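J.:
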Ligand code: PGA
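In the working numbering, the protein residues as written are 94 to 356.
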């Protein structure tokens, strides 16, 4: 698990349920899932819809589980007249450790741009939430050879004003948009190159220590069949899993494969 500077990067596998599961379904998932991952030596987090955060938080606490709670979105303000939004304090209060920020579905369907994502990152970090910042190129951008330009543009804008200490706490998920929910996973080479590019860019923006301590995930059609080989890549420290995280046993297999790959 340690890299070339001897820094430990604890692997992190996150379930992003998106807009799925009623409260009953969420409870049933957690009850089936927790016994499968009790002894797992990596970090695992579940990002349910807001409606299930409180219930899952209580189950995790009462069962003393090491599984962590994540939110799928956050507003940047501490409170105020923002109908329908949820603040970093509210998430922290519920016991969330992580929050997904800048997912491509939020960029595409809800008009989130880099300056807004930047505000969300700063607000989350100020309230001890660890942002999982999602970046990635569309198919069109990949076709015209703009992949790394896009990653650079997103990261430079999203991280604007973040201190070195703040940047080293981040998790960055490389999620090629064309691989999300399509069943078409990036090749191992593309996943490693994307993760490696992100780390190099962070080194340029900050320094080697920051880039070596920052965790980079891969996301986009991860399943139990490809989790091991993706996690075996040197620059991939974790996985952000959508569709395949909806089934407790399938997600447990992914977590187990990820743990095996890093040990
Ligand atoms: P997917 O989603 O695993 O269903 O492709 C990943 C994500 O959107 O984070």
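Note that CB positions come from ideal geometry on N, CA and C, so glycine has one too. The model shown is predicted, which means the values in this text are computed figures rather than measured ones.
Starting from the N-terminal side, write out each stretch of the beta strand (DSSP E) that is 3 residues or longer and does not extend beyond the stretch 249-273.
T.: Complete beta strand (DSSP E) runs here, min 3: 264-267.
J.: Using 8 Å as the cut-off, can you tell me whether the stretch 246-257 makes contact with the stretch 164-184, which would need three or more C-beta pairs spanning the two stretches below that distance?
T.: Not touching, per the Cβ criterion.
J.: Mind the definition here: the stretch 115-127 touches the stretch 340-350 only if three or more C-beta pairs lie below 8 Å; say whether that holds.
T.: Short answer: they touch.
J.: Based on Cα-Cα distance, which residue from 321, 333, 291 lies nearest to residue 356?
T.: Of the candidates 321, 333, 291, the one whose C-alpha sits nearest the C-alpha of residue 356 is 321.
J.: Would you mind working out which of 144, 230, 190, 286 sits nearest residue 107, comparing C-alpha positions?
T.: Of the candidates 144, 230, 190, 286, the one whose C-alpha sits nearest the C-alpha of residue 107 is 190.
J.: Just to confirm, does residue 327 get its C-beta within under 8 Å of one of the non-hydrogen atoms of the ligand PLP?
T.: Absent from the structure shown: the ligand PLP. Ligands present: the ligand PGA.
J.: One question on the structure: do residue 146 and residue 162 come within less than 9 Å of each other, judged by their Cβ atoms?
T.: Going by C-beta atoms, residue 146 is nearer than 9 Å to residue 162.
J.: How would you call residue 353, buried or exposed, if buried means at least 16 neighbouring beta carbons within 10 angstroms?
T.: So residue 353 counts as exposed.
J.: Between 317, 275, 144, 328, which has its C-alpha nearest residue 346's C-alpha?
T.: Nearest C-alpha to residue 346: 317.
J.: Do residue 231 and the ligand PGA come close, with the Cβ less than 8 Å from some heavy atom?
T.: Residue 231: no, Cβ never under 8 Å from the ligand PGA.
J.: At a cut-off of 8 Å, would you count residue 268 as near the ligand PGA, judging by its Cβ distance to the nearest heavy atom?
T.: Flag set: Cβ of residue 268 near the ligand PGA.
J.: Please report how far the alpha carbon of residue 129 lies from the alpha carbon of residue 119, in whole angstroms.
T.: So the alpha carbons of these two residues sit roughly 16 Å apart.
J.: May I ask you to report which of helix, strand or coil DSSP gives residue 135?
T.: In the structure shown, residue 135 sits in coil (DSSP, three-state: anything other than H, G, I, E or B).
J.: Considering only residues of the same chain and omitting the five flanking positions on each side of residue 319, which have a CB-CB separation below 6 Å?
T.: Excluding residues within five positions, the ones whose Cβ falls inside 6 Å are 278.
J.: What is the DSSP secondary structure of residue 128, reduced to helix, strand or coil?
T.: Residue 128: helix per DSSP, three-state reduction.
J.: Should residue 304 be labelled buried (16 or more other beta-carbon atoms within 10 Å of its own) or exposed?
T.: Under this definition residue 304 is a buried residue.
J.: Is residue 205 a contact residue of the ligand PGA, with contact defined as CB to any heavy atom under 8 Å?
T.: Residue 205 Cβ: outside cutoff for every heavy atom of the ligand PGA.
J.: Please confirm whether any heavy atom of the ligand PGA lies closer than 8 Å to the CB of residue 309.
T.: It does not: the Cβ of residue 309 is nowhere closer than 8 Å to a heavy atom of the ligand PGA.
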